[in-house]
Structure formats: C-alpha cells, structure tokens
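Going line by line, the protein sequences match chains A and B. Heads up, the final residue of the first sequence is numbered 506 in this note's numbering, and it's a clean run with no missing numbers. Heads up, the final residue of the second sequence is numbered 298 in this note's numbering, and it's a clean run with no missing numbers. All residues carry an ideal CB built from backbone N, CA and C; glycine is no exception. In this text, all values refer to a predicted model and were calculated from it rather than measured experimentally. Following: one structure in structure tokens, then a few remarks.
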Amino acid sequence: MATSSDRYLLDFEKPLVELEQRLDEMRALDARDPETDLSAQIASLEERVEELRASIYRNLTRWQRVQIARHPLRPYTLDYIDALTDGFVELHGDRTAGDDPAIVGGLATFKGSRYDGQDQTVMVIGHQKGRDVASRKHRRFGMPNPEGYRKALRLMKMAAKFGKPVVTLLDTPGAYPGLEAEERGQAEAIARNLFEMARLPVPIVVVVIGEGASGGALGIGVGDRILMLENAWYSVISPESCSSILWRSWDYKEEAARALKLTASDLIQHHVIDEIVPEPIGGAHRDPATAFRNVGRAVARALNELVRLSPPELLDARLAKFDRMGAYQVTGDGATQGGANVRVNL
Amino acid sequence: MSWFKRKKAGILTDRRDQNDVPEGQWIKCPECNEILNRRVLVDHAMVCPLCGHHNTMSSREYFDLLFDDGVYQVYDENLYALDPLDFTDRKPYAARLTEAQRKTGLNDAARAAMGTIGGHRISVAAMDFSFIGGSMGSVVGEIITRAIKRAVAEQVPLLVISQSGGARMMEGALSLMQMAKTSANLTRLDALGLPYISLMTHPTTGGVTASFAMLGDFNLAEPNALIGFAGPRVIRETIGQDLPPGFQRAEFLQDHGFLDAIVDRRSLRETIIHLLDLVLEPARR
Ligand SMILES: [Zn+2]
Numbered sequence: 161m162a163t164s165s166d167r168y169l170l171d172f173e174k175p176l177v178e179l180e181q182r183l184d185e186m187r188a189l190d191a192r193d194p195e196t197d198l199s200a201q202i203a204s205l206e207e208r209v210e211e212l213r214a215s216i217y218r219n220l221t222r223w224q225r226v227q228i229a230r231h232p233l234r235p236y237t238l239d240y241i242d243a244l245t246d247g248f249v250e251l252h253g254d255r256t257a258g259d260d261p262a263i264v265g266g267l268a269t270f271k272g273s274r275y276d277g278q279d280q281t282v283m284v285i286g287h288q289k290g291r292d293v294a295s296r297k298h299r300r301f302g303m304p305n306p307e308g309y310r311k312a313l314r315l316m317k318m319a320a321k322f323g324k325p326v327v328t329l330l331d332t333p334g335a336y337p338g339l340e341a342e343e344r345g346q347a348e349a350i351a352r353n354l355f356e357m358a359r360l361p362v363p364i365v366v367v368v369i370g371e372g373a374s375g376g377a378l379g380i381g382v383g384d385r386i387l388m389l390e391n392a393w394y395s396v397i398s399p400e401s402c403s404s405i406l407w408r409s410w411d412y413k414e415e416a417a418r419a420l421k422l423t424a425s426d427l428i429q430h431h432v433i434d435e436i437v438p439e440p441i442g443g444a445h446r447d448p449a450t451a452f453r454n455v456g457r458a459v460a461r462a463l464n465e466l467v468r469l470s471p472p473e474l475l476d477a478r479l480a481k482f483d484r485m486g487a488y489q490v491t492g493d494g495a496t497q498g499g500a501n502v503r504v505n506l
Numbered sequence: 014m015s016w017f018k019r020k021k022a023g024i025l026t027d028r029r030d031q032n033d034v035p036e037g038q039w040i041k042c043p044e045c046n047e048i049l050n051r052r053v054l055v056d057h058a059m060v061c062p063l064c065g066h067h068n069t070m071s072s073r074e075y076f077d078l079l080f081d082d083g084v085y086q087v088y089d090e091n092l093y094a095l096d097p098l099d100f101t102d103r104k105p106y107a108a109r110l111t112e113a114q115r116k117t118g119l120n121d122a123a124r125a126a127m128g129t130i131g132g133h134r135i136s137v138a139a140m141d142f143s144f145i146g147g148s149m150g151s152v153v154g155e156i157i158t159r160a161i162k163r164a165v166a167e168q169v170p171l172l173v174i175s176q177s178g179g180a181r182m183m184e185g186a187l188s189l190m191q192m193a194k195t196s197a198n199l200t201r202l203d204a205l206g207l208p209y210i211s212l213m214t215h216p217t218t219g220g221v222t223a224s225f226a227m228l229g230d231f232n233l234a235e236p237n238a239l240i241g242f243a244g245p246r247v248i249r250e251t252i253g254q255d256l257p258p259g260f261q262r263a264e265f266l267q268d269h270g271f272l273d274a275i276v277d278r279r280s281l282r283e284t285i286i287h288l289l290d291l292v293l294e295p296a297r298r
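What follows is the structure, encoded as structure tokens:
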C-alpha cells in the first residue's frame with residue numbers, strides 16, 4: 161500500500177510502510193504467477209502489518225503526536241469545511257486594516273446538525289495553513305496577524321446578530337510574532353476575542369484539529385464545547401520554544417512535549433477539553449474521510465445539544481466551565497478571607 | 014500627596030518589610046547611574062528623582078501606595094500552586110515554587126486586596142515579577158478571577174496592576190486557560206457598568222497582555238514599560254533585523270492606539286482617584 165504520503169514519512173511510520181510494501185510485492189507476485197500460492201504467507205504478513213500498526217499507534221509518544229498534528233498532508237480547516245458543510249461563502253476582511261489569509265471564515269450549512277428537521281446555518285471560522293511553498297507563505301504557516309482575530313470577531317458578532325451558532329477549528333503554530341503584528345495590537349486582538357467570545361449569545365463549538373499553540377489558538381478557542389482530535393496538540397507554548405526557554409537549547413523538544421502534557425488524552429484529564437474525537441489509525445492524513453466523518457458527528461451532536469439552551473443558560477455554563485479550569489490548593493481556612501489572613505497597615 | 018507619606022515602622026506584618034529602610038543603603042539607578050539612598054527612592058514611589066526611571070515595585074508596595082492611608086485587606090492568601098503536570102525541565106517545578114516562595118516570601122505571582130482609594134471602595138489585584146517572572150499559572154488566574162468576582166459581588170470598580178513575562182509554561186494548557194477564565198469574568202463586571210482600570214508596568218508581555226491587561230476601560234501604563242505579546246527576541250529572530258528604538262515601550266503602544274494614558278507613578282494615585290471621581294456618581298464617595 162504505497163501511498164502519496166511516502167515522501168512525508170515520519171520516522172516512526174517507516175517500519176510499517178516497509179512491511180506494507182513487502183505485502184504489496186507479495187500480493188503482486190501471487191497475482192502474476194498462477195503456479196505459486198502465497199495466500200498463507202500473505203495472510204501472515206497481513207496479520208503482522210496490523211499488529212505493528214496497532215502497536216505503533218497505540219503507544220505514540222507525545223512528540224510523535226505533535227509530528228502527526230503537523231503532518232503536511234493532514235486535513236486543514238478548508239478541507240473540513242469542504243467535507244462537512246454545503247454552500248460555504250467565505251467572508252473576508254476585518255473592516256479596518258485588511259484580510260488575513262491565516263484565518264478563514266464564513267457562513268455555511270453544517271451537514272447533520274439537524275434542528276427543527278433541517279441542517280443549520282453556522283458561522284465556521286478556522287486557522288488555515290498552506291499546502292505548497294507559495295500558499296504556505298501566503299497563509300503565513302497558519303500564524304494570524306491581528307486582522308485575523310478581528311475578522312474572526314466580526315464574523316462571530318455577525319453570527320450572534322443572525323442567531324447562528326459558531327464552529328471554530330484550531331490549527332496554528334501560534335500568533336505571528338512580527339513587528340507589524342505588535343504595532344497593530346496582537347495582544348489586544350486576542351484579549352478582545354477572549355472577552356467577546358465569553359459573552360457571545362450563540363453556541364460556540366471549538367475543535368482543535370491540528371496544532372493548538374498558545375494564545376494564537378485560544379484567540380478563537382473560547383466556547384461551550386471544546387473538542388480535540390486524538391493526535392492534535394494544545395498547550396501554552398510549542399515544545400520547541402519551551403525547550404529553548406527552559407532548557408536553553410532547541411534539542412529538548414521531545415522532553416518538553418512530554419513535560420507539557422499537551423495531548424488530547426492529557427487535556428481531558430485536566431478538564432481543558434470535553435471530548436476526544438478519534439482519528440483513523442495512522443492519523444487523519446491516512447484516511448481523511450474517516451476524520452471528517454468523526455469530526456462532523458461530534459460537532460453536530462454538540463450543536464444539537466447547545467441549541468436547546470437559552471442565551472443566559474449558555475453563557476452561565478460557559479463562564480462556569482472556564483471558572484473550573486486550573487489546579488491550586490487552598491490551605492488553612494479557605495472559607496473566610498478575613499480573620500487570620502487579614503493584613504492591616506496603619 | 015500620599016506617595017511620599019512615611020509608613021510607621023514595626024506595624025507592618027509582612028516578612029519582607031521594604032518600607033523599613035535602614036540608613037546607608039545605596040542603590041545605583043540603572044538608567045542615569047546616579048547613586049541614590051534607598052530611602053529617597055522609597056519616598057519617591059521607587060522612581061528616580063533625577064531621571065524618572067521607574068524601578069519595579071511589588072504588589073505590596075502598590076497597595077501601600079494606592080490605598081487610602083495605606084489601609085487595605087488582603088484576600089486569598091491561602092492559595093498555593095499545585096504541580097498538576099508533574100513538570101520537570103532542568104529543575105522540577107515543585108522545587109522552583111518552593112525556592113520562589115522562600116526567596117520572595119510570596120505565595121505566588123499575584124495578590125489581591127480591597128480597600129478605598131480616594132474614598133471609592135475598590136477591588137485591586139497586583140502581580141509580582143519577582144515570583145517566577147510574574148508568570149500566570151492557576152493561582153494567579155484564580156486570584157485575578159476572585160478579585161473580579163469581588164468587584165462584581167460588591168458592585169465596586171476593579172484595578173489590576175500587571176507585571177508579567179506571560180503564562181507559566183510549567184502548568185501547560187492550564188496556564189493558557191487562565192487567559193480565558195480572567196477575560197470571561199470581566200464580561201460580568203462590564204455588564205454592571207463598573208469601571209475596570211488596567212495598569213501595565215514593566216514588563217507586561219505574553220498571555221497577561223493578551224487577556225485581562227489589555228481589556229481595561231482605561232488602559233494605563235507606567236513610562237517606558239515594555240508591553241507586548243511576543244518577546245522582543247522572538248520578533249527579532251522572526252524578522253531577521255533589529256527592532257526600532259522604543260519598540261513595545263509604553264509610548265509606542267500609546268502612539269499605536271492601545272493605551273489611554275501613560276502615568277508617572279508619582280501621580281498614579283491622583284489619576285486613579287480622578288478617573289473614579291469622573292465615572293462614579295459623587296454620591297458614592
Ligand atoms: Zn535615574
């Protein structure tokens with residue numbers, strides 16, 4: 161089963177692909193020569209392929225998942241939009257400074273999100289990476305400028321105006337760390353989105369589909385349900401940057417990935433995400449159709465639950481959800497803030 | 014003018030009593046290189062009287078400076094960080110926490126208090142850069158959040174004084190989520206029509222800038238404070254050239270439209286009182 165992804169093979173995929181190639185060769189030989197019957201050998205090799213596949217993908221390290229999340233053939237936001245919606249109309253521009261191709265958004269009908277017997281219109285917004293050299297540069301590798309966040313906010317407010325739910329897809333190595341991004345208020349743009357998303361009176365479903373790096377991801381990531389693909393990563397910093405700051409070397413990215421606990425199964429334990437969306441074995445790029453179907457079903461289910469809530473119910477639950485995030489200990493008498501804790505300066 | 018008001022020695026209860034300045038302690042101003050007596054600096058709110066350089070102040074020094082008569086009540090001093098990720102880099106996070114607590118006498122990188130400023134009851138939170146670079150983990154997020162909730166519950170204004178290298182890496186995504194948690198709670202204060210003053214001091218960067226620090230009704234900053242999202246080193250490496258002078262300084266941010274005003278610390282209290290006077294009904298005083 162030689163695939164088009166061969167030239168992008170990850171190290172840990174190689175033994176599997178080599179075995180798959182031997183299987184292909186044996187099948188070809190078997191078909192070519194009617195005299196020999198290799199069916200027993202083929203069956204045993206098939207079994208070994210499945211065993212190896214299962215053992216590799218059941219025991220992925222955190223760093224290996226980061227590599228899958230960054231796989232150049234992994235489906236991106238526009239691929240999901242193409243597969244999961246009908247009639248997508250892309251809406252451009254922040255109405256102030258420009259249009260950022262690192263974030264795309266627009267209105268579409270979300271297939272399978274049945275409400276009152278028909279599919280719902282949603283505002284779908286996501287980070288967008290490029291596929292080839294030119295489009296990667298054009299999309300700035302999925303790293304938004306402030307205009308991207310402000311466009312996203314404009315579209316979310318439009319969704320609220322028309323009473324449509326919002327679906328956001330997160331896939332960024334971070335907000336763009338450029339001079340002009342700072343001049344135009346990268347921090348303010350992200351902060352404003354966190355604030356406005358917290359009070360947007362329509363359902364918001366967030367899906368981490370690839371890389372969820374820091375404030376650049378969270379800037380479109382506040383919502384009522386946070387879903388995450390099995391091999392996506394989401395953290396406060398990338399493993400490389402974490403390595404460079406804490407280890408003062410770029411060489412500790414694997415250790416940093418391990419330390420940051422950035423996978424979906426880590427984050428569900430810490431209640432940062434609500435649901436892990438399973439990927440086809442080998443990752444979303446190996447079988448995009450299955451990835452689309454799994455994401456589509458999970459988003460539709462979330463939308464169908466959330467549309468039943470009134471805006472105040474929705475917003476109270478959204479605030480309570482983020483209020484619960486964090487881990488700290490309360491020592492002594494946590495109930496009273498007066499008494500022993502009082503410091504009075506005269 | 015209360016900023017030069019002397020505090021009586023011996024009554025303060027903190028382990029680190031910075032107002033009790035021994036004679037003969039001399040500090041070299043990092044800006045103009047003048048040798049100053051520490052007592053002179055303290056009397057000038059830690060601002061160099063010769064060149065105006067603003068030296069870093071702790072949460073406690075801001076509380077002392079800003080609250081009427083230096084009287085205030087500190088809250089949530091019983092919150093301590095956990096090590097939810099069991100994080101280790103070259104050193105375990107748990108050891109970093111213990112060391113920071115011992116060195117600074119603080120629980121974590123933020124403290125919260127309530128009191129009056131110019132007669133206005135107000136909820137205040139302030140950060141401490143001395144504690145792991147003022148980084149925001151779960152405790153800082155919770156302390157800021159509780160300060161916001163107290164303002165909402167008592168229907169009083171909020172002041173947050175930021176001083177931070179950003180979100181704390183050692184708590185991973187939980188640190189990141191503190192950005193959402195604090196920002197989300199600010200919507201409830203906003204809905205009540207209550208003023209939120211955000212003061213950004215040197216330095217305010219990363220996830221703190223990209224959440225509550227930039228969300229003030231009034232975004233104030235101290236002169237020359239470094240304020241930004243990405244760190245200067247990262248930007249320099251990205252664009253492959255040197256950064257222009259004054260880049261990401263308070264004056265740069267005001268020029269680009271992100272600050273309402275740059276306020277000299279020696280007139281900070283008066284500025285805050287004036288803003289509160291203007292916004293709140295005089296009857297509330
Ligand atoms: Zn000086």
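Beta bridge counterpart(s) of F270/A as assigned by DSSP: T245/A and Q280/A
7 angstroms is my cut-off, CB to CB: does M283/A come that close to chain B? no
Does any C-beta atom of chain B lie closer than 7 angstroms to the C-beta of I350/A? yes
In the structure shown, what three-state DSSP assignment does F242/B receive? coil
Three-state secondary structure (DSSP) of S188/B: helix
Can you list, in chain order, the residues of its chain whose CB lies under 7 angstroms from that of I241/A, leaving out five sequence neighbours each side? F248, A268 and V284
Exposed unless 16 or more other CB atoms sit within 10 angstroms - verdict on G206/B: exposed
My output table needs one value for T198/B: the three-state DSSP class, helix, strand or coil. The sequence given here has Asn at residue 198/B, not Thr. Reduced to three states, the DSSP call for N198/B is helix.
Residue from M318/A, F301/A and Q201/A with nearest C-alpha to E371/A: F301/A
Taking 8 angstroms as the threshold, find out whether the segment 196 to 211 of chain B comes into contact with the segment 158 to 169 of chain B through three or more Cβ pairs. yes
Sequence ranges, alpha helix (DSSP H) only - wholly within the segment 235 to 282 of chain B, length at least 4: 245 to 252 and 263 to 268
Check the Cβ-Cβ distances between K421/A and every residue of chain B, and say whether any is below 7 angstroms. yes
Contact set between the segment 365 to 376 of chain A and chain B, restricted to residues whose Cβ is under 7 angstroms from the partner: S374 and G375
Report yes if the C-beta distance between A373/A and L330/A is below 7 angstroms; otherwise report no. no
Output the distance between the C-alpha atoms of D273/B and A180/B, rounded to the nearest integer angstrom. 24 angstroms
Starting from the N-terminal side, write out each stretch of the beta strand (DSSP E) that is 3 residues or longer and does not extend beyond the segment 407 to 441 of chain A. 435 to 437
For H133/B, the residue or residues it bridges with in DSSP: I130/B
Alpha carbon to alpha carbon, what distance is there between L79/B and P208/B? 17 angstroms
How many angstroms separate the CA atom of L176/A from the CA atom of L170/A? 11 angstroms
How many whole angstroms separate the CB atoms of I210/B and L172/B, which I take to be in contact at a CB cut-off of 8 angstroms? 5 angstroms
What is the residue span of the alpha helix (DSSP H) that N464/A lies within? P448 to L466
Coarse secondary structure for D254/A, derived from DSSP in three states: coil
Once DSSP output is grouped into helix, strand and coil, what is the label at N353/A? helix
Chain-ordered residues, beta carbon under 6 angstroms from a heavy atom of ligand 2: As far as ligands go, the structure on display features ligand 1 and does not contain ligand 2.
Take the Cβ of G132/B as the centre, count every other Cβ of all protein chains shown within 10 Å, and call the residue buried at 16 or more, exposed below. exposed
Which one of P170/B, T117/B and M127/B has the shortest CA to CA distance from G7/B? Given a span of 14 to 298 for chain B in the structure shown, any question on residue 7/B remains unanswerable.
So, with DSSP's three-state summary, where would you put K324/A? coil
Can you confirm whether the segment 339 to 358 of chain A touches the segment 222 to 234 of chain B when touching is taken to mean that 3 or more C-beta pairs between the two stretches lie within less than 8 angstroms? yes
State the beta-bridge partners of G286/A as determined by DSSP. V264/A and L329/A
Based on the DSSP output, what are the partners of M213/B in its beta bridges? S175/B and A234/B
Do you know offhand how far D255/B's Cα is from R249/B's? 6 angstroms
Neighbour list for S230/A in chain B, Cβ cutoff strictly below 9 angstroms: The sequence given here has Arg at residue 230/A, not Ser. Within 9 angstroms Cβ-Cβ: nothing; R230/A doesn't reach chain B, min ~18 angstroms.
Y336/A - DSSP class collapsed to helix/strand/coil: coil
For the candidate residues R124/B, T222/B and P105/B, whose alpha-carbon lies nearest to that of Y93/B? R124/B
Hey, V437/A and V455/A: beta-carbon distance below 7 angstroms or not? yes
Listed by chain order, chain B residues near R359/A by CB distance under 7 angstroms: T200
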